[in-house]
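See below for the structure under consideration.
Protein chains: 2
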Amino acid sequence: MSTASASEWAEHARAVMDQAGHRKGGARNAIIDLLAEQPCALSAIEIEDHLRRSDRSASRASIYRILELLQDRGLVVRLDVGDASSRYELIDPGGEHHHHLLCESCGRLVPFDDAGLERSIDRVSRRMGFRTHGHEVVLRGDCVACQH
Amino acid sequence: MSTASASEWAEHARAVMDQAGHRKGGARNAIIDLLAEQPCALSAIEIEDHLRRSDRSASRASIYRILELLQDRGLVVRLDVGDASSRYELIDPGGEHHHHLLCESCGRLVPFDDAGLERSIDRVSRRMGFRTHGHEVVLRGDCVACQH
DNA sequence: GGGCAAGCGAGACGGTGTCTCACTATGGCC
DNA sequence: GGCCATAGTGAGACACCGTCTCGCTTGCCC
Ligand SMILES: [Zn+2]
Ligand SMILES: [Zn+2]
Ligand SMILES: [Zn+2]
Ligand SMILES: [Zn+2]
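Okay, structure coming up:
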């Protein structure tokens, strides 16, 4: 998620919302810009804090409302790693996505991607007869930095 | 999770707790028995409800306390599918485990397992240099019954 | 049986996420 | 540009899950 592709995503997101008939919105623009420059997922509370410290804050209700809108349009994905709060991150319009290791030592979320893993998921999904719209993989353990 | 292996697990769980120096406990026994007869994961609130309707209820504090104990001993696994509450299910002492499809139509949790998926997870974990203690895979979509 | 610590219950508490409702801003229309 | 309908937003009340405290109960060892 380089700076270039990040602002690309922001424009893409705004275009999608515009095309869907939504008016412009200050809070929504601020959230889109914030998400665009993140390397990985943010919780709703983290978004609230970041915005409060910037020049454009947003109320909690708006944050959840906007995140749900962005999810419905396929612009953002919500992921739950089980630490009492969901996190949100942008979806690459090119279809690329990644998964996460939750480090039990430092608590950080480490992204990774793997084509073989994606193929396995597709395969088992077909074998079971599911029609899947998405999936989530969370590893728990120690990241590279935390293996003393 | 047949009835036979379920009661096996209950005995196994009680033996592990006993060997770890824990005294007997009524609430703990009730929770172990309840988990043993479940085909898939239950939330803490569902456990509370089930027990309240039975002849041996347990307070919420005890439920969470006991579930954490069982987790620490590797008898139970907690999984989060993102609907605002964690769910708990027993771990097969033979090492077998499964993953889940969360059906977006009927809301049910459908278990499945797949050796290829497990291999992929091991492989990517090694490739990234993680030391993992566990993992979670959640598919979202429609189960077989919900594909009109 | 007596004593003590583990096990447990009841309820207060905190944080995340939802809901309502009034206010503000946007874009179409004149 | 000015008006209006309504989408967008903010503030706060609210609900829920999970945590914590603290006093009571129960199992276990002597
Ligand atoms: Zn990420
Ligand atoms: Zn994937
Ligand atoms: Zn299950
Ligand atoms: Zn697995």
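These protein sequence lines are chains V and Z, in that order.
Under numbering that gives the first Met the number 0, the letters of the first sequence match residues 0 to 147, in that order.
Under numbering that gives the first Met the number 0, the letters of the second sequence match residues 0 to 147, in that order.
The beta carbon of each residue, even a glycine, is placed where N, CA and C say it ideally should be.
What you are looking at is a predicted structure, and each value in this text was computed from that prediction instead of being measured.
Thinking just about the alpha-carbon of each residue, which of Z/Asp17, Z/Gln146, Z/Arg130 and Z/His98 is nearest to the one in Z/Leu69?
Closest option to Z/Leu69, Cα to Cα, is Z/Asp17.
Is the beta carbon of V/Val109 less than 8 Å from the beta carbon of V/His96?
Cβ distance not < 8 Å, so V/Val109 and V/His96 don't count as in contact.
Is there at least one Cβ from chain Z nearer than 8 Å to V/Gly106's Cβ?
The C-beta of V/Gly106 comes no closer than 8 Å to any C-beta of chain Z.
I need the residues with a C-beta less than 7 Å from some heavy atom of ligand 6; please give them in chain order.
As presented, the structure is devoid of ligand 6, carrying ligand 1, ligand 2, ligand 3 and ligand 4 as its sole ligands.
Residues in its own chain within less than 6 Å of Z/Arg27 by CB, not counting five upstream and five downstream?
Excluding residues within five positions, the ones whose Cβ falls inside 6 Å are Ile65.
Does the distance from the C-beta atom of V/Thr131 to that of Z/Gly115 stay below 8 Å?
It is not a contact, given that the beta carbons lie outside the stated cut-off.
From the beta carbon of V/His132, is the nearest beta carbon of chain Z less than 8 Å away?
V/His132 belongs to the set of residues whose beta carbon lies under 8 Å from a beta carbon in chain Z.
7 Å Cβ shell around V/Leu33 - same chain, five flanking residues per side excluded:
Contacts found: Ile46, His49 and Leu50.
Comparing alpha-carbon positions, which option in Z/Leu41, Z/Arg77, Z/Pro38 and Z/Ile30 lies nearest Z/Ser58?
Of all alpha-carbon atoms in Z/Leu41, Z/Arg77, Z/Pro38 and Z/Ile30, the one lying nearest the alpha-carbon of Z/Ser58 is that of Z/Ile30.
Closest to V/Cys105 by C-alpha separation, out of V/Ala144, V/Gly25 and V/Leu41, would be which residue?
When only C-alpha atoms are compared, the closest one is V/Ala144.
Go ahead and pull the three-state DSSP assignment for Z/Asp82.
Residue state, collapsed to three classes: coil.
Output yes if chain V places a C-beta closer than 8 Å to the C-beta of Z/Ile90; else output no.
Not an interface residue.
Cutoff 8 Å: V/Leu68 Cβ touching any chain Z Cβ:
Not closer than 8 Å to any Cβ of chain Z, the Cβ of V/Leu68 fails to qualify, so no.
Which stretch, first to last residue, makes up the beta strand (DSSP E) that contains V/Leu108?
Leu108 to Phe111 is the span of the beta strand (DSSP E), which, as asked, contains V/Leu108.
Determine whether the beta carbon atoms of V/Tyr87 and V/Ala40 lie at a separation below 8 Å.
Yes; because the gap between Cβ atoms is below 8 Å, this pair is in contact.
C-alpha distance - V/Arg107 paired with V/Leu101, whole-angstrom precision:
So the alpha carbons of these two residues sit roughly 6 Å apart.
In chain order, what are the residue ranges of uninterrupted alpha helix (DSSP H) at least 4 long that sit wholly in the region 33-89 of chain V?
Within the region 33-89 of chain V, the complete alpha helix (DSSP H) runs of at least 4 residues are 43-52 and 59-71.
Step through the CB atoms of chain Z and report whether any lies within less than 8 Å of the CB of V/Met0.
At V/Met0 the pLDDT is 46, less than 50, meaning the model places this residue with poor confidence; the figure from the coordinates comes in the next sentence. With 8 Å as the cut-off, V/Met0 does not count as an interface residue toward chain Z.
Should Z/Cys39 be listed as close to ligand 3, given that the test is whether its C-beta is under 7 Å from any heavy atom?
Checking the Cβ of Z/Cys39 against ligand 3 gives yes.
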